[in-house]
Structure formats: structure tokens, C-alpha cells
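In our numbering, the protein residues as written are 580 to 1082.
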């Protein structure tokens, strides 16, 4: 029927359809559809119009693709078998811990798309309102790995890097991969699309090169260039995770237990032996306090260690966005500026990338203690990181230029003074309302930094959008939230510096 429902299989039938009557099916019933040896569990919506004949079923694009049917093919529709695993979800909602066997039942059903969006939501919320313990996080990580494919590599070390998120513009991964691969390390980086942010690493990288690579191509790229930056959802590395992420995105929810399992299951599946973890801390970041960062770092390090992964945690400044761009294409422009050392490049993004790359170099003893940042910076300065990045993009299918938004609107300072605070969550919301990450060119370009002096009428940031409706939607939010960037009479004190979480 040409109905686009993302990944949700939907079936439409008439209210007077004989199948609905005999099976007792009503709108929002779950229906097992079978045709030609293939099957899918879909959500039923009923229609009372003549758009369908009484003996016809209409399918959404997702259901059509999964069943691989043609117009006029016969299908069988009936009640699916009861979801026994959902009893475990109910049990957890009421305060019970889940065993590895129970988690395997749940995640297996989710991976096979037997859970509806509502049932998946119930599972995610059950792990948020009642946080998972370490045993559950380990079991969940193990199950998510076992239900997907894995990559193995002939040598060691295999390096990976991850940021827990919550900080707009913090697009260090492409730069870190280019640096480490240029210096001879192997870093097969599989990244996520945005969950609750205006851009994920895969969204940004996709404006520069293809990221939907299969396992064979990933292996070819890494064997040829030493690294890659690809979308993990294109391959079956922890396949349930990407289905969960899509629901988390709608809920704007990212619970700690699911975060730990999501991050580490993909690192284990990708064959990593060494992992650098970036945890930004700030009043409007995902992680608000040093104590919360230490607790999360302890869990990530502990679970990672049980899978044989050596971990280095870097606690970084999360008090304001990183770089100039917020949104896939705008962040890609920052990445290119740093790698090419274009005059006016974002120095904070450069420092963060070199800090994380330096931590990896020291961890695997490719740089002496205390010298990693300088070694990483030299790879950018001598052009080897930029050359390597171009080669990786070409190996992934060809380098391309990031798109540019059709419309822009600057937001001006209403008064002069010093920038005292930038609300990460609110500025990210502006970028999302403008269309990011779905519209790659949409987002926000920052001009002001905390501690800088600004004059009345000076641009603080510019909103980028492709349509007037999206631009207006973002501007309406800006008007209703005048405290996105605060300007005061006095300069704030020194902000937290990037540091080693193990110090």
C-alpha cells in the first residue's frame, strides 16, 4: 500500500474480512502473516472503506519487504503463538531480577521482531525504573553478542573507542580512527545512529562516505586500511540492539543497564581487545556529576573486563557543546576542518580527539606515558591522519561532500556580557526540531563559547534547516526558551578540564 512505517510491519484488513471475524482479530491485534515459507508478526489496523476488498490484505513497506511478496500472492493470517518471554518482562516490572536464560528469551524474541513497539517499550522501561545489577548487565551483554554475528581479527591489539553521549557536536570518532589507523593500529569502528541526539557518528560519517557495509566489506576495508567507521545496524553485530535503539529514540530514553550492554556487546562482537571510553560530565550532559561518571566507569570497566577487554576511561568536560556544528553535516565539516587543519578549525574538537587517541596509544604501548596526545597531534600535523581518512572513505565506497542546508537563521545576543552557560539539552533540541538527524544538513552552528565576551546583536548560533516549516518549528522553541545560552555580567570560573578517569 506504500505506507512507510520504518521497521514496524503493519497489515490492513477490512472490518468485515472473514479472517478477522473467524480469528477474532481487531485493530492493534498482533497477527502472524505467512507466505511462501516466510513469516512476519505484524500489527493489524482495520479499515471500513472500499480501499481493500473483503478478501484482501494491505501491507506496509516493512511487512511487504520482510514477507518478500508480490501483488496478488496468497497469505495466511492467524494469531501468533503467545509470547512466553513477556512474562519475564512483567516479572521485572514488579521487581524481580532476570536470569541469563530469561534475558535470552526476551532479547531473542526482540531480535526476531516478535515484540511490538509497546512490548519493547515495557522491556526498556523495566530496566530504567528498576536499574539492572552487574549480573544482569553481564548476562544481557553476553546474550546480545550470542544472538548476532561476530568479527575476529588475526592480530592484536584491536582498538575501539566509545563516548557515552549526551554532548552535542562531540564527533571525535572519525578523527580518532584516522589517527590510530595512520599510526598502524587496527580499529574496526562500528557506530550507532542517533538515539536521543541530533547526530550519531554513523549519521555524520554517512555525509562523508557510505556506512551501510556488510561484514565482508568491513573486513576488506579494515584489512586494507587498518580502520573503518561504519553503521553497526547494517550488520548483525548485536542485532537486537538496533531494534531497541529505535524505540529508545522515540522514548528519549537511554537507561544505564541497557547503555552498558549496548556499548559492550558491539565491542565484543567487533573483536575489540582494548577500549577507550569517553564520559563527558556537565550540568546539562547525560552524566551530571563526577560521582555518576565514576559509577558508570566502574560498571563499564568491570563488565568489559569479564569479556577480556582492557579499558581506559577518560572523563571529559561536558559543560558545553564541542566544535561548531550540531547535526550530521555540520559536524562532518568540523571533522574535515580538524583533519585538514583548516584555519579556524575547532580547537576543542582537535584536543578531545588527540586526548582519546593518545589514551589508546599509551594503553597499547605505542606511545610512552604522557606522550600520547603529542603523538596523536603529530599525525594530524604531518597530514598522515587526513590521508588515511580519505583512504578509508574511498575504501568504504567513495568520499563525498556533506550537504548544506537551504535555510539559515542567526540567533543574536539580546545584551552584552559574558557567556555564562550553554544548555546542552536545549541546544540539541533546537537542532532536532530543525530536522536533524533525519535531514543531514539541518542543525545548529555555534559561535559562542562559555567564558567569551559577546556584544548585543552578536550571533550566538545559527539554525540550519531545509524547509521553512522546520525552521519555524525550531525558532518557536528558541523563543520559548530564552535561556539556551545565558549571558551575564561576569565571566564564569574555570571549567572542568579533560582528564583521566583513573587519576
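We put the CB at the ideal spot given by N, CA and C, even for glycine.
Note that the coordinates shown come from a computational prediction; the quantities given were computed from them, not determined experimentally.
**Report entry** Spatial neighbours of residue 938 in its chain, beta-carbon cut-off 8 Å, leaving aside the 5 residues before and after
**Finding:** 855, 891, 893, 951, 1079
Requested in this report: Work out the CA separation of residue 661 and residue 604 for me, nearest whole Å.
Outcome: 15 Å
Query raised in the report: Taking Cβ to Cβ, would you say residue 684 is nearer than 8 Å to residue 664?
Result: yes
Query raised in the report: Who are the Cβ neighbours of residue 1068 in its own chain at under 8 Å, not counting the five residues just before and after it?
Result: 996, 997
Query - For residue 704, the three-state DSSP class (helix, strand or coil) - result: helix
Query raised in the report: Excluding five sequence neighbours on each side, which residues of the same chain lie with their C-beta closer than 6 Å to the C-beta of residue 701?
Result: 668
Query - Closest by C-alpha distance to residue 638, when choosing among 751, 973, 593, 1061 - result: 593
Query raised in the report: Beta-carbon separation of residue 817 and residue 851 under 8 Å?
Result: no
Report task. State the start and end residues of the unbroken beta strand (DSSP E) segment that holds residue 589. Result -> 589-593
Report task. Given a cut-off of 8 Å, decide if residue 590 and residue 627 are closer than it, judged by their beta-carbon atoms. Result -> no
Requested in this report: Take the Cβ of residue 989 as the centre, count every other Cβ of all protein chains shown within 10 Å, and call the residue buried at 16 or more, exposed below.
Outcome: exposed
**Report entry** Cβ neighbour criterion (16 or more within 10 Å) applied to residue 697
**Finding:** exposed
Query raised in the report: So, are the CB atoms of residue 659 and residue 614 less than 8 Å apart?
Result: no
Query - Beta-carbon gap between residue 745 and residue 882 smaller than 8 Å - result: no
**Report entry** Coarse secondary structure for residue 597, derived from DSSP in three states
**Finding:** helix
Report task. Can you tell me which of 991, 739, 875, 810 puts its alpha carbon nearest to the alpha carbon of residue 940? Result -> 739
Report task. Work out the CA separation of residue 821 and residue 623 for me, nearest whole Å. Result -> 23 Å
Query raised in the report: Where does residue 920 fall in DSSP's three states?
Result: coil
**Report entry** Short Cβ contact (8 Å threshold) for residue 1045 with residue 1020
**Finding:** yes
Requested in this report: Using a threshold of 8 Å, state whether the C-beta atoms of residue 786 and residue 907 are closer than that.
Outcome: yes
Query raised in the report: Are at least three pairs of beta-carbons, each pair with one atom in the segment 774-791 and one in the segment 750-761, less than 8 Å apart?
Result: yes
Report task. Quick one: which unbroken alpha helix (DSSP H) runs of 4-plus residues sit fully inside the segment 1009-1074? Chain order, please. Result -> 1047-1059
Query raised in the report: With distances taken between CB atoms, is the gap from residue 985 to residue 762 smaller than 8 Å?
Result: no
**Report entry** Rounded straight-line distance, which links the Cα of residue 832 to that of residue 617
**Finding:** 33 Å
Query - Distance CB(residue 1029)-CB(residue 899) smaller than 8 Å - result: yes
Requested in this report: Could you check if residue 968 is buried or exposed, using at least 16 other CB atoms within 10 Å of its CB as the buried criterion?
Outcome: buried
Report task. Go ahead and label residue 784 buried or exposed: buried means 16 or more other beta carbons lie within 10 angstroms of its beta carbon, across all protein chains shown. Result -> buried
Query - N-terminal and C-terminal residue of the alpha helix (DSSP H) that residue 732 is part of - result: Element bounds for residue 732: n/a, residue is neither H nor E.
Report task. Scan the segment 608-633 and note each continuous beta strand (DSSP E) run of 3 residues or more that stays entirely inside, going in chain order. Result -> 609-614, 617-626
Report task. Provide the residue span of the beta strand (DSSP E) that contains residue 998, from first to last. Result -> 996-1001
Requested in this report: Following the continuous beta strand (DSSP E) through residue 926, name the residue where it begins and the one where it ends.
Outcome: First-last for residue 926: 926-942, but that is the alpha helix (DSSP H), not the beta strand (DSSP E).
Report task. May I have the straight-line CA-CA distance separating residue 888 from residue 597, to the nearest angstrom? Result -> 57 Å
Query raised in the report: For residue 767, which residues from the same chain have a beta carbon less than 6 Å from its beta carbon, with the 5 sequence-adjacent residues on both sides left out?
Result: 801, 807, 849
Query raised in the report: How would you write the range of the beta strand (DSSP E) that residue 901 sits in, first residue to last?
Result: Segment: none, residue 901 is in no beta strand (DSSP E) and carries neither H nor E.
Query - Inter-residue CB distance, residue 681 and residue 588 (contact presumed, cutoff 8 Å) - result: Not a contact, Cβ separation roughly 26 Å.
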